[in-house]
Structures are given as C-alpha cells and as structure tokens.
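These notes concern the structure reproduced below.
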Amino acid sequence: MAILKLAGFLRPRNQLLHKRLPGEGVRDSIWQHAINTLAGKLTGRVFAPYSVFKGKAALSAEPRLPTFSKLDSGGVKLNRRGVIMLTFWPSVGERKYDWEKRQLFALSATEVGSLISIGTRDSCEFFHDPSMLSSNAGQVRKSLSFKPNADGSGYFVSLSVVNNNLKTNDRFTVPVTTAEFAVMRTAFSFALPHIMGWDRFTNQPSESISQSPSKVVPQLMETEWDR
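Letter by letter, the sequence shown follows residues 1 to 227 in UniProt numbering.
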C-alpha cells in the first residue's frame with residue numbers, strides 16, 4: 001500500500017516537471033542529434049590545432065598522422081611517419097596575421113621526445129636541411145629553438161628560415177607562458193604514439209586493420225618543405 005501511495009505521489013510530480021520544462025526533451029534530442037551528426041562527420045579531416053597568438057607572430061601545433069600501405073598478405077605497413085607540425089606566421093597589425101607568409105617545421109618523434117623532456121631552465125634547438133645529403137645542402141636551412149625566459153615564466157620559441165635560392169631570411173619569435181608550454185607538452189605526449197603509428201595495432205582489432213587499408217589523408221599532403 002505504501003509503495004502504491006508513493007507511486008501516486010511521484011506521478012503528478014513527474015507530470016509537473018514535464019510541464020515546467022517542455023523544452024528539455026527537445027534540447028536533449030537536438031543535443032543527441034548533434035553528437036551523432038558530428039560523429040558521422042569525423043571520418044574526414046579534423047582541424048584541431050593548438051594556437052598561440054602574440055604581438056609579433058603566431059604559432060600553432062597539430063599532429064600529422066602517418067600513412068600506411070596495404071601489403072598483398074593483407075597486413076599494413078608504415079609508409080610515412082607522422083609528425084607534430086608547427087606553423088609560424090607573422091603579425092601585420094594589431095590582432096592581424098599574414099597566413100600567406102607562414103613557415104612550417106615538422107617535429108619527428110625523437111624531436112618531440114627532446115622537447116617534452118626539457119626542464120624550466122633547459123633549452124633545445126633543432127636544425128633541418130631538406131638537401132643535407134645532396135649537392136644542394138645548405139640552400140635552405142631551418143632552425144627551431146626553445147629557450148627559457150630569464151625569470152622562468154616560460155619560453156621563447158623561435159624559427160629561422162634561410163632560403164638562399166629565394167634570397168630570403170625569415171625569423172619568428174613567439175613567447176609562450178609556462179601554462180601554454182604545459183599544454184603543448186601534454187598534447188605532444190598524448191600524440192606521440194599516434195604519429196609513430198603505434199595506436200594502429202594497440203587500439204584496433206587485427207581484422208579491422210587488414211580490412212581497412214589506409215589512404216593518404218588530405219592533411220598530410222602539405223609537408224614542411226612545401227613552404
């Protein structure tokens with residue numbers, strides 16, 4: 001009898017709640033539809049860079065996943081390793097930046113390891129030369145450095161690009177705070193196994209790997225040396 005009385009008491013309260021909040025169900029349905037729609041669209045390229053905008057230049061970082069090729073045996077082989085792509089572009093006014101003058105620097109897995117392991121007083125520097133093993137070595141040189149501020153409040157991130165073919169010398173410096181660098185360190189650590197391709201065999205059943213040959217992802221078409 002007590003259970004019946006309780007049920008009878010709750011029923012009008014539930015009805016009253018639905019009367020008071022007529023839009024809740026609609027909002028929930030719209031939200032669920034948005035989630036389902038978004039999930040369906042995530043099969044294409046996803047743009048999710050982490051960007052830092054400062055007075056003289058801006059910096060963004062995002063992972064570029066590796067590509068794979070399918071073997072005749074049905075297996076999948078790493079075709080091209082992924083990177084963390086850093087993009088720098090200059091300021092041309094207050095809160096205005098020139099995307100057309102951007103320069104890229106692709107961090108390899110080992111370079112990412114060097115970067116995420118530096119301390120608050122440490123610095124690191126990387127050098128890239130696309131023609132290092134050819135007669136054109138030194139024609140285009142890129143230098144990326146992370147150097148700590150004197151007060152320990154962050155780092156100066158600098159990119160220098162010397163192109164002797166075009167007679168240009170571009171330099172960008174973006175100060176990043178300790179918090180901004182912490183975001184980069186955490187994000188890079190998370191992305192590291194993905195740019196190495198290790199997630200392909202640790203997180204997916206072997207059948208799905210063999211049945212779903214990898215294609216060249218559009219975001220990988222732009223490389224560091226396209227600039």
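Built from N, CA and C at the ideal position, the CB exists for glycine as well.
Quick caveat, the model's predicted, so the values are computed rather than measured.
Going by beta carbons, E111 and F126 fall inside the 9 Å limit.
Sequence-distant Cβ neighbours of S153 in its own chain, meaning closer than 7 Å and more than five residues away, are T177 and T178. Boundaries of the alpha helix (DSSP H) harbouring I116: A109 to I116, taken from the DSSP string. In this structure, L159 is the residue among G138, N163 and L159 with its C-alpha nearest to the C-alpha of V174.
Residue state for A182 is assigned as helix, using DSSP reduced to three classes.
Residues P66, F68 and G197 of the same chain have their beta carbon placed closer than 7 Å to that of L78, with the five preceding and five following residues left out of the count.
Y155 and L166 have their C-alpha atoms spaced approximately 30 Å apart. Counting along the chain, T202 sits inside no beta strand (DSSP E); it lies in the alpha helix (DSSP H) bounded by residues D199 to T202. Secondary structure remark: continuous alpha helix (DSSP H) runs of at least 4 residues inside the region 54-96: none found.
Scanning the region 118-182 for uninterrupted alpha helix (DSSP H) segments of 4 residues or longer gives nothing; none is fully contained. In the three-state reduction of the DSSP assignment, F47 falls in the coil class. Per DSSP, the beta bridge partners of F105 are L86. With a cutoff of 9 Å on beta-carbon distance, L115 and C124 are scored as near each other. The C-alpha of V46 lies about 16 Å from the C-alpha of A187.
The beta carbons of K147 and V161 sit no closer together than 9 Å.
Straight-line measurement puts the Cα of S73 at about 48 Å from the Cα of P90. The beta carbons of V83 and L59 sit no closer together than 9 Å.
The straight-line gap separating the alpha-carbon atoms of E224 and S135 is approximately 20 Å.
Counting of Cβ neighbours within 10 angstroms places L71 among the exposed residues, the total staying below 16.
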